[in-house]
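Numbering (my numbering), first residue to last: 264 to 647.
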Amino acid sequence: MSPGASPAEDFEALYGTAPEGIWAAPGRVNLIGEYTDFNDGFVMPLALPQTAVAAVSRRTDGVLRLHSADMDGGVVQLRVEELSPRAGAGWEAYPAGVVWALRTAGHAVTGADIHLASTVPTGAGLSSSAALETVIALALNDLYELGLSRDRLAVTGQRAENGFVGVPCGIMDQTASACCTDGHVLHLDTRDISRRQIPFDLAGSGLKLLVVDTRVQHALGDGAYAERRAGCESGARALGVRALRDIAYVQLPAALSRLSDETVRRYVRHVVTDNHRVGRVVAHLDAGDVRAVGPVLTEGHASLRDDLRVSCPELDLVVSAANTVGALGARMTGGGFGGSAIVLVEATDADMVARSVVEAFATAGYAAPRIFPAVPSAGARRLV
Ligand code: ADP
Ligand code: MG
264 MSPGASPAED FEALYGTAPE GIWAAPGRVN LIGEYTDFND GFVMPLALPQ TAVAAVSRRT
324 DGVLRLHSAD MDGGVVQLRV EELSPRAGAG WEAYPAGVVW ALRTAGHAVT GADIHLASTV
384 PTGAGLSSSA ALETVIALAL NDLYELGLSR DRLAVTGQRA ENGFVGVPCG IMDQTASACC
444 TDGHVLHLDT RDISRRQIPF DLAGSGLKLL VVDTRVQHAL GDGAYAERRA GCESGARALG
504 VRALRDIAYV QLPAALSRLS DETVRRYVRH VVTDNHRVGR VVAHLDAGDV RAVGPVLTEG
564 HASLRDDLRV SCPELDLVVS AANTVGALGA RMTGGGFGGS AIVLVEATDA DMVARSVVEA
624 FATAGYAAPR IFPAVPSAGA RRLV
């Protein structure tokens with residue numbers, strides 16, 4: 264199929280009728296609070312303007328047809344009652360996993376025709392996968408009148424990714440895509456999904472938040488998430504708490520002195536200090552001091568680099584190159600080992616800082632990064 268002018272036209276060209284509706288769900292960047300969501304901790308994502316868009320119609324015959332404008336190959340056809348988690352499935356596992364998650368939760372989803380197109384860069388740490396899951400969950404929730412809250416939609420997407428695709432992600436990405444609002448950053452407590460929208464007025468403060476997609480993904484990242492997670496869990500066990508979130512910042516020195524394993528000590532220090540950094544960022548934003556967030560980002564990066572050890576030379580170079588020429592602060596965002604960094608800059612410095620990062624990459628012999636502003640945008644919504 265050659266891409267048409269709109270998702271509706273593409274849908275009609277594929278399936279022969281107009282879709283019942285069109286939905287969008289965004290990717291995200293996380294401002295602060297990294298690797299905290301599987302420790303019952305705090306995170307602060309904001310939705311990007313880039314979205315996954317889905318044109319969807321119901322079916323009553325148990326057939327699920329899936330198509331992505333961004334993937335080679337035609338329509339994938341599955342039967343909803345035959346959906347079961349299997350390793351090694353392709354991109355269709357993400358939307359199919361949402362249908363599976365809804366059906367195994369007892370919702371009578373009897374099939375769908377789905378056409379997807381996304382502007383969220385994939386594999387860049389910007390949660391193109393959560394955008395996909397969330398847009399499908401919202402579309403099916405609306406069409407089948409399931410009455411699920413935004414939180415439940417996020418949990419549905421996470422279950423699809425954990426249980427069907429087989430990626431052990433936390434709840435941040437799907438909650439960000441489902442719950443963020445325009446002009447805000449989401450202060451999310453991942454223990455109970457309680458949350459607050461905090462105004463994040465970059466433009467009004469004369470600032471920009473740049474996303475720098477390094478366009479690299481190091482293979483090292485594959486097992487690292489599970490290893491960090493296991494290390495944090497063993498730290499919590501050793502300290503006798505349910506999760507590392509239960510170690511307050513003031514208790515950190517005492518907690519560290521009780522841990523014999525050097526690696527676990529570093530992981531615990533990262534999680535406890537990053538939870539504390541989330542609180543500091545909240546305080547700065549509540550006080551209207553967006554600039555003060557910058558140095559906290561850079562501290563967070565040092566912790567991810569030195570204590571959790573999930574950064575990489577390209578991400579470190581973004582942070583050092585940007586800060587050297589006067590950025591207010593910068594850090595990697597997402598899982599690390601490649602993917603993206605964020606850089607807080609004076610709006611008047613944005614082009615200069617971006618150029619400096621591009622030059623530093625060229626000097627280091629790295630491929631050119633992709634740089635764009637993160638404009639705090641709306642969460643998942645129905646378009647048509
Ligand atoms: P991230 O979520 O950081 O972008 P992931 O590896 O978690 O990276 O998810 C990327 C995967 O999500 C892709 O490999 C693909 O399987 C799926 N995906 C993302 N966007 C699309 C799309 N527009 N069409 C089809 N599949 C997509
Ligand atoms: Mg993902």
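Each residue gets a CB set at the ideal place from its N, CA and C atoms; glycine is no exception.
For the pair L379 and V362, the CB atoms are not nearer than the 9 Å cut-off. Beta-bridge annotation (DSSP): G602 is not paired with any residue. With contact defined as three or more Cβ pairs closer than 8 Å, the segment 514–523 and the segment 430–443 are not in contact. Excluding the 5 residues flanking it on each side, S619 has same chain C-beta neighbours closer than 8 Å at A584, A585, T587, V588, in chain order. With at least 16 other beta carbons inside 10 angstroms of its own, G498 counts as buried. In this structure, Y407 sits away from V448, with a CB-CB distance that is not shorter than 9 Å.
Put simply, of V383, A417, N425 the residue whose alpha carbon is nearest the alpha carbon of L451 is A417. The segment 526–537 makes contact with the segment 500–514: 3 or more CB pairs, one atom from each, lie closer than 8 Å.
For M595, the enclosing beta strand (DSSP E) has its first and last residue at 592–596.
DSSP places V339 outside any alpha helix (DSSP H); the residue lies instead in the beta strand (DSSP E), whose first and last residues are 339–342. When distances are taken from the beta-carbon of A565 to the heavy atoms of ligand 2, even the shortest one reaches 8 Å or more.
A heavy atom of ligand 2 is found nearer than 8 Å to the CB of V430. When DSSP states are grouped into helix, strand and coil, F624 belongs to the helix group. The three-state reading of DSSP puts H378 in strand, counting E and B together. Residue state for P516 is assigned as helix, using DSSP reduced to three classes. For A402, the CB contacts under 7 Å within the same chain, skipping 5 residues up- and downstream, are G284, W286, A317, V319 in chain order. Cβ contact annotation for S391 (same chain, cutoff 8 Å, sequence separation greater than five): G290, A315, S381, V383, P384, T385, in chain order. Scanning its chain for C-beta atoms nearer than 7 Å, with the 5 sequence neighbours on each side dropped, one finds around A627 the residues L580, in chain order. Counting along the chain, the unbroken alpha helix (DSSP H) around W363 starts and ends at 356–367.
Taking the Cβ atoms as the reference, H547 lies roughly 5 Å from V556, within the contact range of under 8 Å. If the five residues before and after V616 are omitted, its C-beta is found closer than 6 Å to the C-beta atoms of A585, V588, A590, V608, all from its own chain and listed in chain order. With distances taken between CA atoms, V475 lies nearest to M595 out of E622, M595, D335.
Across the structure, I295 and P308 are spaced so that their CA atoms are roughly 7 Å apart.
In chain order, W354 place their CB closer than 6 Å to the CB of M334, counting only its own chain and leaving out the 5 sequence neighbours on each side. Checking the DSSP bridge columns, you'll see E609 partnered with L470. Under the criterion of beta carbons closer than 8 Å, R491 and L571 qualify as touching, at roughly 6 Å. For S497, there is no enclosing beta strand (DSSP E); the enclosing alpha helix (DSSP H) has its first and last residue at 484–502.
The residue from R415, A310, I399, V326 with its alpha-carbon nearest to that of Y357 is I399.
Where T587 is concerned, the enclosing alpha helix (DSSP H) starts and stops at 576–587. Setting aside the 5 residues that flank it on each side, G484 is surrounded in the same chain by V573, G598, G599, F600, G601, each with a C-beta closer than 8 Å to its C-beta; the list follows chain order. A distance below 9 Å separates the beta carbons of T561 and A593. A residue is called buried once 16 or more other Cβ atoms fall within 10 Å of its Cβ, and S457, having fewer, is exposed.
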